[in-house]
Amino acid sequence: MKPYRKRFKKVMVNGFQFHCVINEYFRNESVSFRVYPYNTKTSYFEVYFSWKGSWFFNLNLPSTCSTLIKHAIDNGWVYNREKKQVSIEQGDFLIELIEIENNQAK
């Protein structure tokens, strides 16, 4: 059963620490994943997944968090600059990427 709460994670990617916030509160329309560089709260990357889509992977795994962070960086998120914000309203297309990365890690 999926937990319905907000969780916080610290993840290292490319030698830089990030702070992840995973919001799985049941009253929200979607599950949100937001990540901040550890040194600032003005820059962030966020992605929203449908409830149905979020059942196929575990956002609380460090490997899943790092996969999403790497995707954001590879697609133009400049995490080490102030006020660089990237948002993806419907992130279910990233599920396949997460599954591929998790299978390669095994």
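Just so you know, the working numbering puts 25 at position 30 of the sequence shown, and the rest follows in order with no gaps. Don't be surprised by glycine CBs; every beta carbon is placed ideally from N, CA and C.
Assignment of E94 by DSSP, reduced to helix, strand and coil, places it in the helix class. Assigned with DSSP and collapsed to three states, Q85 falls in coil, not helix or strand. Non-local beta-carbon contacts of G86 in its own chain, meaning distances under 7 Å to residues more than five positions away in sequence, involve V42, Y43, F44 in chain order.
S25 and I83 have their alpha carbons spaced roughly 12 Å apart.
A straight-line Cα-Cα distance of about 11 Å links E19 and N53.
Between V16 and K65, the C-beta spacing is not below 8 Å. Non-local C-beta neighbours of W72 in its own chain, meaning closer than 6 Å and more than five positions away in sequence, comprise F40, V81, ordered along the chain.
Approximately 11 Å separates the beta-carbon atoms of K1 and N55; this is outside 8 Å, ruling out the contact.
Scanning the segment 21 to 86 for uninterrupted beta strand (DSSP E) segments of 3 residues or longer gives 26 to 32, 39 to 44, 80 to 83, listed from N- to C-terminal end.
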